[in-house]
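Residue numbers (my numbering): 657 to 946.
As C-alpha cells, the structure follows; a few thoughts come after it.
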C-alpha cells in the first residue's frame, strides 16, 4: 500500500512487484493508517491477512509461524510477541503472554492483567500487527478512519468473532520507535487524544451485555474510566472547561464510571468515593487544576 508517500516508496514497491508476481501494489492519496488498511482489505483476494506498519520490520519466518499456528490449532487468528527497537540503537525485550490458545475472556484477561503497560503485553495484544487473520474476520469489520490508536476500537470485536486465538511467545515482530512517529512524537496533547479513551469506551459498551467474569468487566470499565479521566483532566487545562467535545466526553467518562461496582477489586472504596465526588462537582476540580 502506497498511501500517498512523498518519497520514492511507491517506486520501490513497483520494483519489488517486478521481482515477484505475487506482489500487488496499490497507490492512493494519503488517508492515514486506517484508510490504507481498509483500502487494501477491500481489494485483497488472499485467504489470510497480516499488517506491517511502514517503519517496522519482521523476522523472516513470521508468516510461516503464524500460518502454522492457525492450521495446527484450527483457529481463525494467531499472534506473536514483539521486540521494541528505539531509534535503531536499543532493543528492549517485552514481557509477553505465554504460548497457547486463548478464548475471548482469557485474551481480555491477558490484556488487563496487573502490571501491563501501553506497549507491554497490552500493546501487542491490541495492535493490528504481529498477527495473522482469516480474511472472513473482516467481512463486517473495518478500522475507523480519522482516529488515532485505531487498533483499540476493533481488537475485541475480532477476538470475539474468532472465538480463540493461538499465540506464540516468540519475538517475530520488530516494533521500531523513532522520534516523530504517529504514536511517539513529542507533541502537545490535542482533542484527538480522546480517541484513546473512546477505543476503551467502545470495548466497555461491547462487553456490557456479554456473560463474562464480573471482576474482569470491572477492570475493563475502570481502565476505560481512568484513561478518560486523565485525558479530560489534562485537556481542560488547555481547552477550557466549556469546550463542547470535552463536555460530551465527560458524559461518557461518567457513564464508564457508573459501570464500576463500588465493592469491586478494580478500585478501592476510597478512590471510588474520591472519583465520585470529582465527577459530581467537575467545575471545582477544574478550578483546582487551573
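Just so you know, even glycine gets a beta-carbon here, dropped at the ideal spot from N, CA and C.
These numbers were taken from a predicted model, which means no experiment stands behind them.
### Task
Determine, using beta carbons only, whether residue 738 and residue 681 come nearer to each other than 8 Å.
The residue you call residue 738 lines up with position 82 of the chain shown. The residue you call residue 681 lines up with position 25 of the chain shown. Not a contact, by the Cβ cut-off of 8 Å.
### Task
Just the C-alpha distance for residue 733 and residue 679, rounded to the nearest angstrom, thanks.
Sequence index remark: in the chain shown, residue 733 carries index 77 (1-based). Sequence index remark: in the chain shown, residue 679 carries index 23 (1-based). Computed Cα separation, rounded: 23 Å.
### Task
Name, in chain order, the residues that DSSP records as bridge partners for residue 759.
Counting from 1 along the chain shown, the entry for residue 759 is found at position 103. Partner(s): 820.
### Query
By Cβ distance below 8 Å, which residues in the same chain neighbour residue 845 in space, the five residues on each side in sequence not counted?
Here residue 845 refers to the residue found at position 189 of the chain shown. Cβ within range, chain order: 887, 890, 891, 894.
### Task
For the beta strand (DSSP E) holding residue 735, just list the boundary residues, first then last.
Taking the first residue of the chain shown as position 1, residue 735 is located at position 79. For residue 735, the enclosing beta strand (DSSP E) stretches over residues 733 to 742.
### Task
Provide the residue span of the alpha helix (DSSP H) that contains residue 697, from first to last.
What you label residue 697 is simply residue 41 of the chain shown in a count that begins at 1. Looking at the DSSP string, the run of the alpha helix (DSSP H) that includes residue 697 is 689 to 699.
### Task
Pull up the distance between the alpha-carbon of residue 934 and that of residue 785, whole angstroms please.
What you label residue 934 is simply residue 278 of the chain shown in a count that begins at 1. What you label residue 785 is simply residue 129 of the chain shown in a count that begins at 1. For residue 934 and residue 785, the distance between alpha carbons rounds to 38 Å.
### Task
Apply the 10 Å Cβ neighbour rule to residue 944 and answer buried if 16 or more other Cβ atoms are within range, or exposed otherwise.
Locating residue 944 in the chain shown gives position 288, counting from the first residue. Around the beta-carbon of residue 944, fewer than 16 other beta-carbon atoms lie within 10 Å, marking it exposed.
### Query
Which residue from 901, 698, 662, 875 puts its Cα closest to that of residue 928?
As a first step, residue 928 is located in the chain shown; it is residue number 272 there, counting from the start. With distances taken between Cα atoms, residue 928 lies closest to 875.
### Query
Quick one: what's got a C-beta closer than 7 Å to residue 756's C-beta in the same chain, skipping five residues either side?
Position 100 of the chain shown, counting from 1, holds the residue named residue 756. Excluding sequence neighbours, residue 756 sits near 823.
### Query
Per DSSP, residue 657 forms a beta bridge with which residues?
As a first step, residue 657 is located in the chain shown; it is residue number 1 there, counting from the start. Answer is none; residue 657 lacks a bridge partner.
#### Entry: For residue 844, the residue or residues it bridges with in DSSP
In the chain shown, counting from the first residue as 1, residue 844 sits at position 188. Looking at the DSSP assignment, residue 844 forms no beta bridge with any residue, so it has no partner.
### Query
Do you know whose CA, among 716, 724, 711, 713, lies nearest residue 704's CA?
The sequence position of residue 704 within the chain shown is 48, counting from 1. Answer by Cα proximity: 724.
### Task
Kindly indicate which three-state DSSP category residue 812 falls into: helix, strand or coil?
Taking the chain shown and counting its residues from 1, one reaches residue 812 at position 156. Secondary structure of residue 812 (DSSP, three-state): helix.
### Task
Between the Cα of residue 735 and those of 726, 792, 881, spot the shortest distance and give me the residue it belongs to.
Sequence index remark: in the chain shown, residue 735 carries index 79 (1-based). Of the listed residues, the one whose Cα sits closest to residue 735 is 726.
### Residues near residue 936 in its chain [Cβ-Cβ closer than 8 Å; skip 5 each side]
Along the chain shown, read from residue 1 onward, the residue named residue 936 stands at position 280. Excluding positions up to five away in sequence, the list is empty.
#### Entry: Continuous alpha helix (DSSP H) assignments of at least 4 residues falling wholly in the region 901 to 945
The qualifying runs are 925 to 936, 938 to 945.
### Query
If you drop the 5 nearest sequence neighbours on each side, which residues of the same chain put their C-beta closer than 6 Å to that of residue 685?
As a first step, residue 685 is located in the chain shown; it is residue number 29 there, counting from the start. Taking residue 685 as the centre and dropping the five residues before and after it, the same chain places the C-beta of 660 closer than 6 Å to its C-beta, in chain order.
### Query
Terminal residues of the continuous beta strand (DSSP E) containing residue 787?
In the chain shown, counting from the first residue as 1, residue 787 sits at position 131. It spans 787 to 790 - the beta strand (DSSP E) in which residue 787 sits, taken as one unbroken run.
### Query
If you draw a straight line from the alpha carbon of residue 689 to that of residue 663, how long is it in whole angstroms?
Here residue 689 is taken as the residue at index 33 of the chain shown, counted from 1. Here residue 663 is taken as the residue at index 7 of the chain shown, counted from 1. Spanning the two alpha carbons is a distance of roughly 17 Å.
### Query
In angstroms, rounded to a whole number, what distance separates the CA positions of residue 769 and residue 674?
By one-based count along the chain shown, residue 769 stands at place 113. By one-based count along the chain shown, residue 674 stands at place 18. Taking the straight line from one Cα to the other gives about 46 Å.
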